[in-house]
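Peer 1: Here the protein sequences come in this chain order: A and B.
If you count the first sequence from 1, position 62 lands on 215 in our numbering, and the numbers rise without skipping.
If you count the second sequence from 1, position 127 lands on 113 in our numbering, and the numbers rise without skipping.
Shown below is the structure under consideration.
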Amino acid sequence: MRRRTDRRRGTSTVEFVVGLCAMMPLLLYGLNLFAIALAVPLLDSVAASCARTASNGSPADVSDVHADRTVLKTELPYLRASTSLKSAKLPVFVAVSPSIKMKESIRAPLPQSTLGGPVSGSVTIELDSKIKLPCPLPFMPEAISVQSKRTLPYTWTMPTQVH
Amino acid sequence: MACEAAALAAATDISRIVVRDDHFGYVALTDWPAGSATLNAAGEPMPIVGINTLIATCRESLLIARKLHSATMTELALADLAACKKTAALLNHACEESLAASSSKRPIDRDGAVVDAYAEAKQAFDAAAPYLNEYNKLAGLKVELGSLDGFASSGIALPAAAELAEVESGACNSGNYDGFVNIPVCGSDFYFAGLAEQTSLCSKKKFRPLSVPARPCSAVLVSATISNSTLKNSASNEPATNQSKPGLQVFASAAALPGKNPDLTNPPMFVLSFPNGMAEEDFSLAKILQEGAIHSPMVETQRVQGGDYPDELSASLVRDSALGDMSLSDLGAKGLFDWLRACRGKVRMESLLARVNEPLLDCDKEDPRKIFVLTVDPTGNVRTAAAKEFTSETILDGQNFAISYDAEIGDSKWTVSLRDQVSNLSLSEAKHAGRCLVDNQCVGLVETVYPKDGLAVALQFAAPH
Chain A
154 MRRRTDRRRG TSTVEFVVGL CAMMPLLLYG LNLFAIALAV PLLDSVAASC ARTASNGSPA
214 DVSDVHADRT VLKTELPYLR ASTSLKSAKL PVFVAVSPSI KMKESIRAPL PQSTLGGPVS
274 GSVTIELDSK IKLPCPLPFM PEAISVQSKR TLPYTWTMPT QVH
Chain B
-13 MACEAAALAA ATDISRIVVR DDHFGYVALT DWPAGSATLN AAGEPMPIVG INTLIATCRE
47 SLLIARKLHS ATMTELALAD LAACKKTAAL LNHACEESLA ASSSKRPIDR DGAVVDAYAE
107 AKQAFDAAAP YLNEYNKLAG LKVELGSLDG FASSGIALPA AAELAEVESG ACNSGNYDGF
167 VNIPVCGSDF YFAGLAEQTS LCSKKKFRPL SVPARPCSAV LVSATISNST LKNSASNEPA
227 TNQSKPGLQV FASAAALPGK NPDLTNPPMF VLSFPNGMAE EDFSLAKILQ EGAIHSPMVE
287 TQRVQGGDYP DELSASLVRD SALGDMSLSD LGAKGLFDWL RACRGKVRME SLLARVNEPL
347 LDCDKEDPRK IFVLTVDPTG NVRTAAAKEF TSETILDGQN FAISYDAEIG DSKWTVSLRD
407 QVSNLSLSEA KHAGRCLVDN QCVGLVETVY PKDGLAVALQ FAAPH
């Protein structure tokens, strides 16, 4: 009687281990997909936050109309956006490249240097990020590259110098 | 996110709109310096006044009128309030024209450029929505003007402590009037537009569409419908066409408030002059405003037409039938009211009330000529400076002049004249439209605080007999 019970228990253990071996890759794939699904919206919101910060202040150049001008690292919109990027809180398996791709477009009418006025234009932020998958598996890369892009209009008004 | 971009773009754009008002000149949602298209008939640049600045000035004038028990000032403030409501309706209409998907009459900005806020919003939406393609299409984009049911600042500071300014604690924040709420005075309703420090997003749940045209509105709501036709057309692997029914519709919306600009205009001067010496030892502005304190026959008010008087030969003084005959106290009240209006709400109430009631004192006892210049310092306090000479006698086109030869003060009769350069702000009726006369010949100011100051109102007591 006792021998029969032990044999049944042993069979269950074997079944469990075999089942686990079969299910484990699926579980790990699922975990990786969950991590990606979690990280992508987060990266989007970081890009949005950077774009909002960049669009809140003065553009890089308001002296002339231009389209898709690359904003340099030393220019104010870039500095504002990088401050926002530094303060972003992301999961440990997500790495954002500190180098931001930023472009701005300025349309007419341009604000005049003495009279001031609003700026018609937009700023576009592109963030290159890597999501390091928490569970490395065959047939899956170790990390996935994600690009988040946001465009927002400038909401800055050049202050007037005249009374 | 695309809706938010569109709302921000639309809100920024409507703050550029400038309307030409019959009563107040060039008006916008917020204050702006003059542009190339905002000139008066003399070709001088005219600063643009924000609707909130107008309403705040009118409210302050009404409060001061009550404190001074001046029926004339009250009447003038109520007339300005009625004009403010018409201006707000005009501005709302202009904003709606700009936000409409199609309009035949788009408003313009201070440089004469057409303000198409809808196109700006659409452009911003398209730029911020990279997912729009042949399958995901923008089925509809609607931009509405309205107000917010909740906290929004007007960006206008209270003219005095909340108690004196008759503002309840729930209607002001950080020393500023709240926007979109009623802050009444003497049974008259005052609504301000909501303006942010900088164009910013606000709660779309609190957005209320424009319902009362006479209340200034500044909030913008963008509603977008995106139609996804992938499922519908996936079988045939063809892109969606206009005729095909949408498979799935996604709705999104966002609201934004425009930013405010500071009013940087300099408050003009109110001049009280006694070229033949003081009429009385303890003479004060309150004495002029007090009905019956100075006995004088009714005075005919005149208006300049045909140019600046007497500089231009075509100019002449004619009876102002709208104002008719006024008592001397009414004239003083009108002068004070018009000066306050020209100061655009920058005067602190406590300071003004103190100045009105205290005697005019001059430190120069030897010189019989007394000229007192009332100015407003950057903190809003009214300061009295003494001047020795004020030479310009010009009365600007469309403005008022009145003179009484028999004003009884003490034992003498005095000639009292009022020169009001800011009585008429209309661009069509007054060449300078209330732009103050800048008198470079005004010399001897003890304190040259505002070298750019213009002369708004001059009240002179001369030639005692």
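Positions of the beta carbon are idealized from the N, C-alpha and C atoms, including for glycine.
With a threshold of 8 Å on Cβ separation, who are the neighbours of A/LEU105 within its own chain once the five nearest residues in sequence on each side are excluded?
Peer 2: Coverage of chain A is limited to positions 154 through 316, which leaves residue 105 of chain A absent and any answer about it impossible.
Peer 1: Tell me which same chain residues have a C-beta within less than 7 Å of the C-beta of A/SER208, skipping the five on either side of it?
Peer 2: Counted from its first residue, the first sequence places residue 208 of chain A at position 55. So the list reads VAL276, LEU305, PRO306, TYR307 and THR308, once near-sequence residues are dropped.
Peer 1: I'd like to check one pair, B/LEU134 with B/ALA205: are the Cβ atoms closer than 8 Å?
Peer 2: In the second sequence, residue 205 of chain B corresponds to position 219, counting from 1. In the second sequence, residue 134 of chain B corresponds to position 148, counting from 1. Yes, these two residues count as a Cβ contact at 8 Å.
Peer 1: So within the segment 73 to 144 of chain B, which uninterrupted beta strand (DSSP E) runs reach at least 3 residues, ignoring any that extend past its ends?
Peer 2: 122 to 134 and 139 to 143
Peer 1: Which term fits B/VAL385, buried or exposed, when burial requires 16 or more other beta carbons within 10 angstroms of its beta carbon?
Peer 2: Taking the first residue of the second sequence as position 1, residue 385 of chain B is located at position 399. Checking the displayed sequence, the identity of residue 385 of chain B turns out to be Gln instead of Val. Per the 10 Å Cβ criterion, buried.
Peer 1: I'd like to know whether the C-beta atoms of B/ILE50 and B/MET335 end up nearer to each other than 8 Å.
Peer 2: Here residue 50 of chain B refers to the residue found at position 64 when the second sequence is read from its first residue. Here residue 335 of chain B refers to the residue found at position 349 when the second sequence is read from its first residue. Going by C-beta atoms, B/ILE50 is nearer than 8 Å to B/MET335.
Peer 1: In chain order, what residues of the segment 267 to 286 of chain A put their CB closer than 9 Å to some CB of chain B?
Peer 2: THR267, LEU268, GLY269, GLY270, PRO271, VAL272, SER273, SER275 and THR277
Peer 1: Applying a beta-carbon distance threshold of less than 7 Å, which residues of chain A neighbour B/ASN247?
Peer 2: Looking up residue 247 of chain B in the second sequence gives position 261. Within chain A, the residues THR310 have their CB atoms less than 7 Å from the CB of B/ASN247, given in chain order.
Peer 1: CB of B/LEU150 to nearest heavy atom of the ligand FAD: below 7 Å?
Peer 2: Ligands displayed in this structure: none; no statement on the ligand FAD is therefore possible.
Peer 1: Can you look up B/ARG405 in the DSSP assignment and give me helix, strand or coil?
Peer 2: By one-based count along the second sequence, residue 405 of chain B stands at place 419. Of the three classes helix, strand and coil, the one that applies to B/ARG405 here is strand, per DSSP.
Peer 1: Check whether chain A comes within 8 Å of B/MET(-13), counting only Cβ atoms and requiring the distance to be less than that.
Peer 2: Here the question's residue -13 of chain B lines up with position 1 in the second sequence. Yes, its Cβ sits closer than 8 Å to a Cβ of chain A.
Peer 1: With burial defined as no fewer than 16 other Cβ atoms inside 10 Å of the residue's Cβ, what is the status of B/ILE142: buried or exposed?
Peer 2: What you label residue 142 of chain B is simply residue 156 of the second sequence in a count that begins at 1. The residue in question, B/ILE142, is buried, as its Cβ has 16 or more Cβ neighbours within 10 Å.
Peer 1: By the 9 Å beta-carbon criterion, what residues does the segment 135 to 165 of chain B contribute toward chain A?
Peer 2: Answer in chain order: no residues at all.
Peer 1: For a test of the three-state rule: what should DSSP assign to B/GLN339, helix, strand or coil?
Peer 2: In the second sequence, the residue the question calls residue 339 of chain B occupies position 353. The sequence given here has Leu at residue 339 of chain B, not Gln. Helix, per DSSP.
Peer 1: Name the DSSP bridge partner or partners of A/ALA313?
Peer 2: The count along the first sequence starts at 1 and reaches residue 313 of chain A at position 160. Looking at the sequence provided, one finds Thr at residue 313 of chain A rather than Ala. Paired residues: none, contrary to the question.
Peer 1: Could you list which residues in chain B have their beta carbon closer than 9 Å to that of A/LYS226, in chain order?
Peer 2: Numbered from 1 along the first sequence, position 73 holds the residue referred to as residue 226 of chain A. Within 9 Å Cβ-Cβ: nothing; A/LYS226 doesn't reach chain B, min ~23 Å.
Peer 1: Could you spell out the range, first to last residue, of the beta strand (DSSP E) harbouring B/ILE389?
Peer 2: Indexing the second sequence from 1 puts residue 389 of chain B at position 403. Run containing B/ILE389: 386 to 395, per the beta strand (DSSP E) assignment.
Peer 1: Rounding to the nearest angstrom, what Cα-Cα distance links B/PRO283 and B/ALA388 in this structure?
Peer 2: Taking the second sequence and counting its residues from 1, one reaches residue 283 of chain B at position 297. Taking the second sequence and counting its residues from 1, one reaches residue 388 of chain B at position 402. Going from the Cα of B/PRO283 to the Cα of B/ALA388 covers about 12 Å.
Peer 1: Is it a yes or a no for the segment 39 to 59 of chain B touching the segment 106 to 123 of chain B, going by three-plus beta-carbon pairs under 8 Å?
Peer 2: no
Peer 1: Listing by chain order, which chain A residues have their CB less than 8 Å from the CB of B/ASP97?
Peer 2: By one-based count along the second sequence, residue 97 of chain B stands at place 111. What B/ASP97 touches in chain A: PRO262.
Peer 1: When the cut-off is 8 Å and only beta carbons count, does B/LEU181 lie next to chain A?
Peer 2: Working through the second sequence from its first residue, we reach residue 181 of chain B at position 195. So, not an interface residue.
Peer 1: Using a Cβ-Cβ cutoff of 7 Å, what residues of the segment 194 to 224 of chain A are near chain B? List them in chain order.
Peer 2: Within the segment 194 to 224 of chain A, those residues whose Cβ lies closer than 7 Å to any Cβ of chain B are, in chain order, ALA201 and ASN209.
Peer 1: In angstroms with no decimal places, state the Cα-to-Cα distance between B/ASP392 and B/LEU150.
Peer 2: Within the second sequence, numbered from 1, the residue matching residue 392 of chain B stands at position 406. Within the second sequence, numbered from 1, the residue matching residue 150 of chain B stands at position 164. So the two alpha carbons sit approximately 38 Å from each other.
Peer 1: Would you say B/ALA371 lies against chain A (beta-carbon separation less than 8 Å)?
Peer 2: Translated into the one-based positions of the second sequence, residue 371 of chain B becomes position 385. Taking Cβ atoms only, chain A never reaches closer than 8 Å to B/ALA371, which makes this a no.
Peer 1: Where in the segment 302 to 334 of chain B do unbroken runs of the alpha helix (DSSP H), each at least 4 residues long, occur, reported from the N-terminal end onward?
Peer 2: For the segment 302 to 334 of chain B, whole alpha helix (DSSP H) runs of length 4 or above, ordered along the chain, are 314 to 328.
Peer 1: Tell me which residues share the same chain as B/PRO202 and place their Cβ nearer than 8 Å to its Cβ, disregarding the 5 neighbours each side in the sequence.
Peer 2: For this step, residue 202 of chain B is matched to residue 216 along the second sequence. Answer for B/PRO202: LEU15, ILE37, ASN38, ILE41, ALA74, LEU77, ASN78, TYR177, PHE178 and ALA179, listed in chain order.
Peer 1: Closer than 8 Å by C-beta to B/LYS399: which residues in its own chain qualify, once you throw out the five before and the five after it? Chain order, please.
Peer 2: Position 413 of the second sequence, counted from the start, is the residue given in the question as residue 399 of chain B. Excluding sequence neighbours, B/LYS399 sits near TYR391, ASP392, ALA393, PRO450 and HIS451.
Peer 1: Against A/PRO306, what residues of chain B qualify as contacts under a CB-to-CB distance less than 7 Å, listed in chain order?
Peer 2: For the purposes of this step, residue 306 of chain A is identified with residue 153 of the first sequence, where counting begins at 1. Chain B residues near A/PRO306: ALA(-9), LEU(-6), ALA(-5), THR(-2) and ALA110.
Peer 1: Please look up how many angstroms separate the CB atoms of B/LYS246 and B/LEU181, rounded, as I've assumed it's under 8 Å.
Peer 2: On the second sequence, residue 246 of chain B is found 260 positions in, with the first residue counted as 1. On the second sequence, residue 181 of chain B is found 195 positions in, with the first residue counted as 1. Right, their Cβ atoms sit about 4 Å apart.
Peer 1: Check B/GLU433 in the structure and name its three-state DSSP category.
Peer 2: Residue numbering aside, residue 433 of chain B sits at position 447 when the second sequence is read from its first letter. Because the pLDDT of B/GLU433 is 32, which lies under 50, any placement of that residue in the model is unreliable, and the question is left without a value.
Peer 1: Rounded to the nearest angstrom, how far is the Cβ of A/SER250 from that of A/ASP281, given a contact under 8 Å?
Peer 2: Residue numbering aside, residue 250 of chain A sits at position 97 when the first sequence is read from its first letter. Residue numbering aside, residue 281 of chain A sits at position 128 when the first sequence is read from its first letter. The pair is a contact, with the Cβ atoms about 4 Å apart (cut-off 8 Å).
Peer 1: Quick check: B/SER189 and B/GLY136, are their CB atoms within less than 8 Å of each other?
Peer 2: For the purposes of this step, residue 189 of chain B is taken as residue 203 along the second sequence, with counting starting at 1. For the purposes of this step, residue 136 of chain B is taken as residue 150 along the second sequence, with counting starting at 1. Cβ distance < 8 Å, so B/SER189 and B/GLY136 count as in contact.
Peer 1: Taking its Cβ as the centre, do 16 or more other Cβ atoms sit within 10 Å of B/PHE237, making it buried, or is it exposed?
Peer 2: For the purposes of this step, residue 237 of chain B is taken as residue 251 along the second sequence, with counting starting at 1. B/PHE237 comes out exposed.
Peer 1: Applying the 10 Å Cβ sphere with the 16-neighbour rule, what's the burial state of A/PRO194?
Peer 2: Taking the first sequence and counting its residues from 1, one reaches residue 194 of chain A at position 41. Under this definition A/PRO194 is an exposed residue.
Peer 1: Have a look at B/TRP18 and B/ASP7 and give me their C-alpha separation to the nearest angstrom.
Peer 2: On the second sequence, position 32 is the one that residue 18 of chain B refers to. On the second sequence, position 21 is the one that residue 7 of chain B refers to. Their Cα atoms are separated by approximately 15 Å.
Peer 1: Using a Cβ-Cβ cutoff of less than 7 Å, which residues in the same chain neighbour B/ASN410 once the five nearest sequence positions on both sides are dropped?
Peer 2: For the purposes of this step, residue 410 of chain B is taken as residue 424 along the second sequence, with counting starting at 1. Result list for B/ASN410: GLY384, GLN385, ALA416 and GLY420, in chain order.
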